[in-house]
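The structure appears below as structure tokens.
Protein chains: 2
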Amino acid sequence: MNILFIMYDQLRWDYLSCAGHPRLETPNFDRVARMGVRFTNAYVQSPVCGSSRMSFYTGRYPSSHGAQWNGFPLRVGEQTMGDHLRRLGMGCYLIGKTHMVPDAEGMARLGLAPDTVIGARQSECGFDAVVRDDGLWGEGPDGFYDCKRSPYNEYLKAQGYAAANPWHDYANAGVDGEDIASGWFFRNADRPANIREADSETPWLTDRALEFMETAEGPWCAHVSYIKPHWPYIVPAPYHAMFGPGDVPPATRSAAERAAPHPVYAAYMDNMIARAFQRDEVRDKVIPAYMGLIKQCDDQLGRILDRLEATGAIRDTMIVLTSDHGDYLGDHWLGEKDMFHQPSVRIPLIIHDPRSEADATRGTTCDALVEAIDLCATFIEAAGGDVPGHIVEGRALTRFLHGTEPDCWREVAISEYNYAVTPMRAKLGLRSDDARMFMVFDGRWKLIHFEGGFRPMLFDLENDPDEFHDLGEMAHVRDEIARLYRHLHAWSLRNAQRVTRSEADLEKMRGRSARVGILPFLWDGSEVPAEATAKFRGKAGRDYTG
Amino acid sequence: MNILFIMYDQLRWDYLSCAGHPRLETPNFDRVARMGVRFTNAYVQSPVCGSSRMSFYTGRYPSSHGAQWNGFPLRVGEQTMGDHLRRLGMGCYLIGKTHMVPDAEGMARLGLAPDTVIGARQSECGFDAVVRDDGLWGEGPDGFYDCKRSPYNEYLKAQGYAAANPWHDYANAGVDGEDIASGWFFRNADRPANIREADSETPWLTDRALEFMETAEGPWCAHVSYIKPHWPYIVPAPYHAMFGPGDVPPATRSAAERAAPHPVYAAYMDNMIARAFQRDEVRDKVIPAYMGLIKQCDDQLGRILDRLEATGAIRDTMIVLTSDHGDYLGDHWLGEKDMFHQPSVRIPLIIHDPRSEADATRGTTCDALVEAIDLCATFIEAAGGDVPGHIVEGRALTRFLHGTEPDCWREVAISEYNYAVTPMRAKLGLRSDDARMFMVFDGRWKLIHFEGGFRPMLFDLENDPDEFHDLGEMAHVRDEIARLYRHLHAWSLRNAQRVTRSEADLEKMRGRSARVGILPFLWDGSEVPAEATAKFRGKAGRDYTG
Chain A
3 MNILFIMYDQ
13 LRWDYLSCAG
23 HPRLETPNFD
33 RVARMGVRFT
43 NAYVQSPVCG
53 SSRMSFYTGR
63 YPSSHGAQWN
73 GFPLRVGEQT
83 MGDHLRRLGM
93 GCYLIGKTHM
103 VPDAEGMARL
113 GLAPDTVIGA
123 RQSECGFDAV
133 VRDDGLWGEG
143 PDGFYDCKRS
153 PYNEYLKAQG
163 YAAANPWHDY
173 ANAGVDGEDI
183 ASGWFFRNAD
193 RPANIREADS
203 ETPWLTDRAL
213 EFMETAEGPW
223 CAHVSYIKPH
233 WPYIVPAPYH
243 AMFGPGDVPP
253 ATRSAAERAA
263 PHPVYAAYMD
273 NMIARAFQRD
283 EVRDKVIPAY
293 MGLIKQCDDQ
303 LGRILDRLEA
313 TGAIRDTMIV
323 LTSDHGDYLG
333 DHWLGEKDMF
343 HQPSVRIPLI
353 IHDPRSEADA
363 TRGTTCDALV
373 EAIDLCATFI
383 EAAGGDVPGH
393 IVEGRALTRF
403 LHGTEPDCWR
413 EVAISEYNYA
423 VTPMRAKLGL
433 RSDDARMFMV
443 FDGRWKLIHF
453 EGGFRPMLFD
463 LENDPDEFHD
473 LGEMAHVRDE
483 IARLYRHLHA
493 WSLRNAQRVT
503 RSEADLEKMR
513 GRSARVGILP
523 FLWDGSEVPA
533 EATAKFRGKA
543 GRDYTG
Chain B
3 MNILFIMYDQ
13 LRWDYLSCAG
23 HPRLETPNFD
33 RVARMGVRFT
43 NAYVQSPVCG
53 SSRMSFYTGR
63 YPSSHGAQWN
73 GFPLRVGEQT
83 MGDHLRRLGM
93 GCYLIGKTHM
103 VPDAEGMARL
113 GLAPDTVIGA
123 RQSECGFDAV
133 VRDDGLWGEG
143 PDGFYDCKRS
153 PYNEYLKAQG
163 YAAANPWHDY
173 ANAGVDGEDI
183 ASGWFFRNAD
193 RPANIREADS
203 ETPWLTDRAL
213 EFMETAEGPW
223 CAHVSYIKPH
233 WPYIVPAPYH
243 AMFGPGDVPP
253 ATRSAAERAA
263 PHPVYAAYMD
273 NMIARAFQRD
283 EVRDKVIPAY
293 MGLIKQCDDQ
303 LGRILDRLEA
313 TGAIRDTMIV
323 LTSDHGDYLG
333 DHWLGEKDMF
343 HQPSVRIPLI
353 IHDPRSEADA
363 TRGTTCDALV
373 EAIDLCATFI
383 EAAGGDVPGH
393 IVEGRALTRF
403 LHGTEPDCWR
413 EVAISEYNYA
423 VTPMRAKLGL
433 RSDDARMFMV
443 FDGRWKLIHF
453 EGGFRPMLFD
463 LENDPDEFHD
473 LGEMAHVRDE
483 IARLYRHLHA
493 WSLRNAQRVT
503 RSEADLEKMR
513 GRSARVGILP
523 FLWDGSEVPA
533 EATAKFRGKA
543 GRDYTG
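Chains A and B, in that order, are what the protein sequence lines are. Using our numbering, you'd call the opening residue of the first sequence number 3 and step up by one each time. Using our numbering, you'd call the opening residue of the second sequence number 3 and step up by one each time.
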């Protein structure tokens, strides 16, 4: 079996027709949902790209792997799905984005050169990179990410898109008369991107994925990782015109949220992104473009599915569709992601498992509390391995896919967010490690704990599914808050760094000291069988005691 | 300045005359105490050799570095004082014991060969090993530690001690007529070890240390790490006869402790080591030998001090005397270490700082709550560096040494113990990660939290300095328990794995996205200065939008 692990960037859980979107038809996402299980309660371990992805790839929480924000390198030696899968004989390949920053200082300390196989895998969070492209290309030596490595920009140049940074000037900009109409400006979001649709980012990456699948020798796990529908919000024709302001759902926001907001939430509601998305004209321009980008993703997914069906490979390919986090799009008076309301922390997750054991669950949904880190464990089992629980903190979803519920499952989903490098930390005057927040969600009650001495936030999603009413200061929910804090504390004491000793190792170690003759508890040896002490008896050599 | 970092193994805090021992005179320990500061409230991060030492060497808690018991390898890439000090131009050398087990699997994964400089340092927890000898030599392929590496055994063989394992047969055994009288049997503890005193372990290692100091080029940090007074409890003449049963203090134990003991404590009181030390004849044989071993350590320390004074090197040598944990010796009905009563978790710590800033504190004591991890930070400052607080969790003791109290200091000391591979876990029927306990001690109140659903233990050392009365179930101390749990929870949420990003890195990252042109919050660009968006404007190239 191969694994096609497709990730979209910033795709909200509810912008799919199979998840109930009222206007957006995504027949190809729905097609996979019909072939597999749609997990309706899936959450990322951090609502920010880099940190969330490192959790997907390592199967570990951000506070375990340490890469807690974009640009925090994943420490050298931290194991990822690539390490686990290759041990099981399955190659693990990257086609697209990871947001990985190598631990260059740690690699140098260990003498690992980036141009060796080991060094390259350390640099690409364990993947063998077929194509690495994170999008978001700046310019010059200070450009975002490493400007030397934009295969997409090189592709565009080869196609004749003449510019220093065609990623911006064509793929992510329209035209306004004779001028560039940058996709960075929301007012341009309804223009068509100035690019042939087939050359835009999503089809380009799809081509790379199809090329890979044509030639790759299995078993493989291919992480096909699209930058879209992440901003810049602009899409080529005909997708730019498929949706308009009339298709934009009303913002999920309430005046109650601004009445006496939690100080951290207040700081977020006051940032530049939030203030932009509080404007109706921004939502009316951006959301149709966002929907167009998703529609394009769906069409490109259709190409992949068609190919898999045509070749018959679909019969031995696990297909996973998910996202690294959502997008507020003005809900809760916010833009982007970063906090823990459902539009941000909840993700789409659809898994087609081709094995016959999964036949009974095809087309069903599963509402168990699922975490992003569970995929790493699921893939390890799919590759025929046992999940190394001393390293991977996620749990395999295999039993849900096969219709046999696990004996016991997690009671809460945890997500974390470190905002130490954001303007909100400065505004709130926090020490770096106090600029952290944690979500504990049991499916109904959602607690948000803040370091730095703030009160918690609490939402009751049963009675307040839109999360408008923060109960964090309400006396009548004190017991719920205390209960969720007990979960947080139990989690925070989890043993996440015993990574060099497996359960099997521990079993082997038990009693080893005595077996090798370390016996610091004997009066005269009569306490144990004679053979245990035989090697400590016998005739003395020369007597030096005098 | 050089650093002479001397560690004894299993040396109780109170078995020194400067700490008030009623019978044991340790003039050379006292001599260092007169030259420096004796820290009277110093605690290890784990009361077991390997884990405690990895905390000393990394400056991090066991749950941060992961090496939570003897034989749990320190994960590849985990930084130690060797890494930090070498960056500052100070060599870091090992002479003696570390209890380090390399992460062989991790090293292989990263392609690190043990016989390279980098690989050797990874194998020796960051030290350049002048001599590595952990003592406790078993026999055959199943021998304890790696039998190929006992420089001490090789030394003994070269001196004519004829045996497969002279470490046991001579250095750690007496003679009984014509037979070996093994030091593993407590009834032999009053016999002289069958070895010339100068060839026994403590003088042998002292010779190696003196050789090192004679030739080493500084600045250096030398970790001189004795195996003694750790068991086997047997010592050569004349030390074997210096103390007798009349010198043995009464056991610090009470019938009250056995009345309704905590289940984990009860399991420990019932293990073979505890049952041995509950016998008076064991204490009467073992403790005089233990005192003799310490007396020998003191004499050998005298040799080092004399040499440092004779050469004048004492004027630029920081001297640190400490231990990796204590020894119950029958107190609290226990033997060995493993739990958190003072005889186990509290350690001697004496620091001579040669700098003139320390003149005012010479001969004083300091009762601040000090942790073993503070030494790594102290050494980094002594080498002229700033403590990398994103990696090293300990805090430098420099200000205490220089008589200027830090502005704020820790309120509690934390220690941890993972007993997953001990018989107590099996007896209690625990999952491996439930076999963990944590101490939170504020100088008066000592809370012990157990994973696995047990109630906590609590001691009030002000009213019960001997720790006889476990208040863990008492209603009147509920607030104290809650308060200490708040400390535990705050500690457990500490950010211990953000090791690839320093505070300075975070400062540099703030605002970087906007600086490189990532601007996902603009309507038309008028929100920011024109130069911020200049590169996204200009004349469009060919129009592809059609």
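Think of the CB as a built atom: it goes at the ideal place given N, C-alpha and C, for glycine as much as any other residue. The structure displayed is predicted, hence computed values, not measured ones.
Using three-state DSSP, classify residue i as helix, strand or coil.
i              : result
residue 461(B) : strand
residue 366(B) : strand
residue 542(A) : coil
residue 223(B) : strand
residue 187(A) : strand
residue 94(A)  : strand
residue 144(B) : At residue 144(B) the pLDDT is 49, less than 50, meaning the model places this residue with poor confidence; the figure from the coordinates comes in the next sentence. Coil.
residue 319(B) : strand
Output yes if chain B places a C-beta closer than 9 Å to the C-beta of residue i; else output no.
i              : result
residue 417(A) : no
residue 511(A) : yes
residue 71(A)  : yes
residue 541(A) : yes
residue 373(A) : no
residue 156(A) : no
residue 274(A) : yes
residue 187(A) : yes
residue 430(A) : no
residue 335(A) : no
residue 286(A) : no
residue 270(A) : no
residue 547(A) : yes
Between residue i and chain A, is the shortest Cβ-Cβ distance under 9 Å, so that the two count as touching?
i              : result
residue 298(B) : no
residue 48(B)  : no
residue 535(B) : yes
residue 206(B) : no
residue 144(B) : Unreliable positioning characterises residue 144(B) in this predicted model, as indicated by a pLDDT of 49, which lies under 50. A coordinate reading is not provided.
residue 171(B) : yes
residue 253(B) : no
residue 177(B) : yes
residue 30(B)  : no
Starting from residue i, trace the alpha helix (DSSP H) both ways and give me its first and last residue.
i              : result
residue 497(A) : It is not in any alpha helix (DSSP H) - residue 497(A) carries neither H nor E in the DSSP assignment.
residue 400(A) : 400 to 403
residue 155(B) : 153 to 160
residue 229(B) : Unbroken run through residue 229(B): none, as it is neither H nor E.
residue 295(A) : 282 to 313
residue 26(B)  : Run containing residue 26(B): none; DSSP gives neither H nor E here.
residue 381(A) : 376 to 384
Under 8 Å between beta-carbons, which chain C residues line up against residue i? List them in chain order, please.
i              : result
residue 502(A) : Absent from the structure is chain C; the protein chains it does hold are A and B.
For the beta strand (DSSP E) containing residue i, name the first residue and the last one.
i              : result
residue 40(B)  : 39 to 41
residue 525(A) : Unbroken run through residue 525(A): none, as it is neither H nor E.
residue 448(A) : 447 to 452
residue 134(A) : 130 to 134
residue 53(A)  : First-last for residue 53(A): 51 to 60, but that is the alpha helix (DSSP H), not the beta strand (DSSP E).
On the premise that residue j lies in contact with residue i, defined as a C-beta separation below 8 Å, what is that separation, rounded to the nearest angstrom?
i              : j              : result
residue 460(A) : residue 265(A) : Their Cβ separation, rounded to whole angstroms, is 15 Å, which puts residue 460(A) and residue 265(A) out of contact at 8 Å.
residue 572(A) : residue 30(A)  : Since the first residue of chain A shown is 3 and the last is 548, residue 572(A) is not available in this structure.
Against chain A, which members of the stretch 513 to 526 of chain B pass a CB distance test of less than 8 Å?
Under the 8 Å Cβ criterion, the stretch 513 to 526 of chain B contributes 513, 514, 515, 517, 518, 519, 520, 521, 522, 523, 524, 525 and 526.
Give, in chain order, every residue of the stretch 114 to 134 of chain A whose Cβ lies closer than 8 Å to some Cβ of chain B.
Going along the stretch 114 to 134 of chain A in chain order, one finds 114, 118, 120 and 124 with a Cβ nearer than 8 Å to chain B.
What residues in the stretch 471 to 491 of chain A bring their beta carbon closer than 9 Å to a beta carbon of chain B?
Hits within the stretch, in order: 487, 490 and 491.
Interface positions of the stretch 231 to 256 of chain B facing chain A (Cβ-Cβ less than 8 Å), listed along the chain:
Residues passing the 8 Å Cβ filter: 233, 234, 238 and 239.
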